[in-house]
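A.B. asks: Below is the structure I would like to discuss, written out as C-alpha cells.
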Amino acid sequence: MNDGTPLVIEVRCNESADRGGNPALPYGPQEVIEEGILAREAGASILHWHARDIDGSERPNDTALYREVIEGVREQTDLLLHPTLGFIGTQGDARGRVRHIQELNEDPKTRIDMVPVDFGAFGADVWDGEYGRFLTDDQVIVNRVGYLSELLGVLQETDVFVYSVVWGAGAVRTARSFQEMGLLDRSTFWCLGFTGGEVPGGPPPTLANLQTFLEAIPAGDPWTVHCRNGDALPLAALAIMQGGHVSIGLGDYPYSRFGKPRNSDLVKMVADMSVTLGRPVARPSEAREILQLGHLQSV
C-alpha cells in the first residue's frame with residue numbers, strides 16, 4: 008500500500024511506434040533529448056528510449072545514436088537513463104545485443120543506469136476489434152531459459168542494473184528462479200506488463216491482475232506498471248495507491264483522447280494524479296535511492 012514513498016515516473020518516449028497515432032512521437036536523438044528535458048520538468052525521473060533515425064527507422068545497436076541522446080540529456084538534466092537492448096526478439100547473440108551498452112559504459116560520462124530484460128514468452132499479435140480479425144499472426148516474443156542465462160551472464164560482466172520486465176506471474180517465477188541461480192541480482196526493478204485490447208496476448212490492466220502480480224513478486228521490492236497498446240492512466244491510479252510506480256509514454260499508446268499530447272503532458276497527468284492522491288513525485292536522486300542504484304551512479 009501507499010507508504011508515502013515518492014512516485015518514480017518513467018517516460019517511455021518512443022519504443023517501436025510510428026507517428027500515425029500521434030505526430031508528437033519522437034524519432035531521432037535530438038527529438039528524444041527534447042522530450043527527455045520536458046519530461047523531467049514535468050516530473051519524470053527515468054527516460055527509456057529506442058535508438059532511431061530521424062526518419063523513424065530503428066537502429067537498436069547504434070552506439071553513436073545512444074551516445075548522442077545520453078550526452079544531450081545529461082548536459083541539461085539528471086534523469087536516470089534506460090536505453091533498450093539491441094536485436095529485439097533475437098535469441099542467438101547475447102553479446103551482440105549488449106555491445107552498445109558495454110561501449111557506452113566504457114566512458115563514465117555515458118554510463119547508463121539500467122537495461123531491460125524480458126522474462127517469459129509473450130504473444131504480441133495485434134487484434135482488430137472492428138473487423139474481428141488479427142492483423143498479425145506471428146508476433147511472439149520468445150525468451151528461452153538458455154538464452155536468458157547467457158544474456159544475464161553478459162550483463163553481470165558489464166555490471167549493469169537489470170530492469171525486469173514480466174508479462175505474467177509465470178514470468179515473475181522464472182525471474183525469481185534466476186535470482187536463486189545468482190544470475191539476476193536480488194535488487195531489481197519489476198516492470199509489470201499489461202496490454203490494451205489491441206494486444207490480447209497479455210494481461211488486461213485490471214486490479215485483479217495487478218494483485219496477481221503483487222502476490223508473485225517479493226514483498227517490498229520496487230515495481231512499476233506499463234500498458235502496451237493501451238491507456239495506462241487508470242492503471243497508474245491503481246499503482247499510485249498500491250505503492251508502486253508508473254511507466255508511461257507515447258511509445259506505448261498515442262493517447263489521442265487528449266488530442267496530440269507530448270510525452271511530458273502524460274508525465275504531468277501522472278504527477279498531478281499522484282499529488283492529488285497524497286504521494287510526492289520522486290526526483291531522479293530519490294529514484295536512485297528507491298531503486299538502490301547508488302553504487303552505479305553515473306558521472
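Numbered according to my numbering, the sequence shown terminates at residue 306, and the numbering increases by one at each position without gaps. All C-beta atoms, glycine included, are put in the ideal place defined by N, C-alpha and C.
With distances taken Cα to Cα, identify the nearest neighbour of D166 among S64, L245, E113, G63.
C.D. replies: The option with the nearest alpha carbon to D166 is E113.
A.B. asks: The beta strand (DSSP E) that contains G200, what's its start and end?
C.D. replies: It spans 196 to 202 - the beta strand (DSSP E) in which G200 sits, taken as one unbroken run.
A.B. asks: For G256, which residues of its own chain have a beta-carbon under 7 Å away from its beta-carbon, when the five flanking residues on both sides are left out?
C.D. replies: V18, R19, C20, N270, L273, listed in sequence order.
A.B. asks: In the structure shown, what three-state DSSP assignment does D7 receive?
C.D. replies: An answer regarding residue 7 cannot be provided, because it is not within the stretch 8 to 306 covered by the chain.
A.B. asks: Give the secondary structure of R295 by DSSP, where H, G and I count as helix, E and B as strand, and everything else as coil.
C.D. replies: Of the three classes helix, strand and coil, the one that applies to R295 here is helix, per DSSP.
A.B. asks: In its own chain, which residues sit with a C-beta less than 6 Å from the C-beta of N68, not counting the 5 before and 5 after it?
C.D. replies: For N68, where only same-chain residues beyond five positions count, the Cβ hits under 6 Å are G93, H107.
A.B. asks: Counting only the same chain and skipping the five closest in sequence on each side, list residues whose C-beta sits under 7 Å from that of P207.
C.D. replies: Around P207: W134.
A.B. asks: Below 8 Å on the Cβ atoms is my guess for V85 versus S292; work out the distance and round it to an integer in Å.
C.D. replies: First, the residue type needs correcting, since residue 85 is Asp and not Val in the sequence shown. About 7 Å separates the two Cβ atoms, so the contact holds.
A.B. asks: So what's Y34 in DSSP terms, helix, strand or just coil?
C.D. replies: Three-state result, Y34: coil.
A.B. asks: Determine the DSSP secondary structure at D69, reduced to helix, strand or coil.
C.D. replies: Correct three-state label for D69: coil.
A.B. asks: Measuring only the C-alpha atoms, how far is L190 from N216?
C.D. replies: Roughly 27 Å separates the two Cα atoms.
A.B. asks: Which residues does DSSP list as the beta-bridge partners of I53?
C.D. replies: I53 pairs with E17, L87.
A.B. asks: Count the other CB atoms, across all protein chains shown, that sit within 10 Å of the CB of M121; report buried if there are 16 or more and exposed otherwise.
C.D. replies: Its Cβ being crowded by 16 or more others within 10 Å, M121 is buried.
A.B. asks: Going by C-alpha distance, which of A289, Y262, D62 is nearest G251?
C.D. replies: The residue with the shortest Cα to Cα distance from G251 is A289.
A.B. asks: Starting from D125, trace the beta strand (DSSP E) both ways and give me its first and last residue.
C.D. replies: Counting along the chain, the beta strand (DSSP E) containing D125 begins and ends at 122 to 126.
A.B. asks: Report buried or exposed for S171, applying the criterion of at least 16 other Cβ atoms within 10 angstroms of its Cβ.
C.D. replies: Label assigned to S171: buried.
A.B. asks: Could you work out which residue in Q299, D259, I247, E296 is closest to G11 when comparing CA atoms only?
C.D. replies: The shortest C-alpha separation from G11 is found at I247.
A.B. asks: Which residue comes first and which comes last in the alpha helix (DSSP H) that contains S171?
C.D. replies: Premise fails: S171 lies in the beta strand (DSSP E), 169 to 173, not in any alpha helix (DSSP H).
A.B. asks: Could you give the first and the last residue of the continuous beta strand (DSSP E) run that contains Q231?
C.D. replies: Checking the sequence, you will find Thr at residue 231 rather than Gln. 230 to 235 is the extent of the beta strand (DSSP E) around T231.
A.B. asks: In this structure, does DSSP put V149 in helix, strand or coil?
C.D. replies: In this structure, V149 counts as coil in the three-state DSSP scheme.
A.B. asks: Whole angstroms are fine: how far does the CA of G43 sit from the CA of Y260?
C.D. replies: Their Cα atoms are separated by approximately 17 Å.
A.B. asks: In its own chain, which residues sit with a C-beta less than 7 Å from the C-beta of A182, not counting the 5 before and 5 after it?
C.D. replies: Same-chain partners within the cutoff: F126, S171, V173, L191.
A.B. asks: Which residues in the same chain have their Cβ closer than 6 Å to the Cβ of S254, if we skip the five residues on either side of it in sequence?
C.D. replies: So the list reads E17, R19, T231, H233, once near-sequence residues are dropped.
A.B. asks: Out of G285, Y262, K267, state which residue places its alpha-carbon closest to the alpha-carbon of A244.
C.D. replies: If we check each option's Cα against that of A244, G285 comes out closest.
A.B. asks: Of the residues G209, E164, A49, which one's Cα is nearest the Cα of D132?
C.D. replies: Cα-wise, what sits closest to D132 is G209.
A.B. asks: Assuming L339 and L45 make a contact with CB atoms under 8 Å, what is their CB distance in whole Å?
C.D. replies: As shown, the chain starts at 8 and ends at 306. That puts residue 339 outside it, with no answer to give.
A.B. asks: Please report how far the alpha carbon of V277 lies from the alpha carbon of L240, in whole angstroms.
C.D. replies: Roughly 7 Å between the two C-alpha positions.
A.B. asks: Identify the residues that DSSP records as bridge partners of F129: which are they?
C.D. replies: DSSP lists I148 as partners of F129.
A.B. asks: Assign V39 to one of two classes, buried (16 or more other C-beta atoms within 10 Å of its C-beta) or exposed (fewer than that).
C.D. replies: Label assigned to V39: buried.
A.B. asks: Can you tell me whether DSSP reads Q304 as helix, strand or coil?
C.D. replies: Low confidence applies here, because Q304 scores a pLDDT of 46, under 50, leaving its location unreliable and the question unanswered by this model.
A.B. asks: Classify L298 as buried or exposed, calling it buried when 16 or more other Cβ atoms lie within 10 Å of its own Cβ.
C.D. replies: Looking at its Cβ environment, which holds 16 or more other Cβ atoms inside 10 Å, L298 is buried.
A.B. asks: When you compare only the Cα positions, how much space is there between G35 and T91?
C.D. replies: Their Cα atoms are separated by approximately 15 Å.
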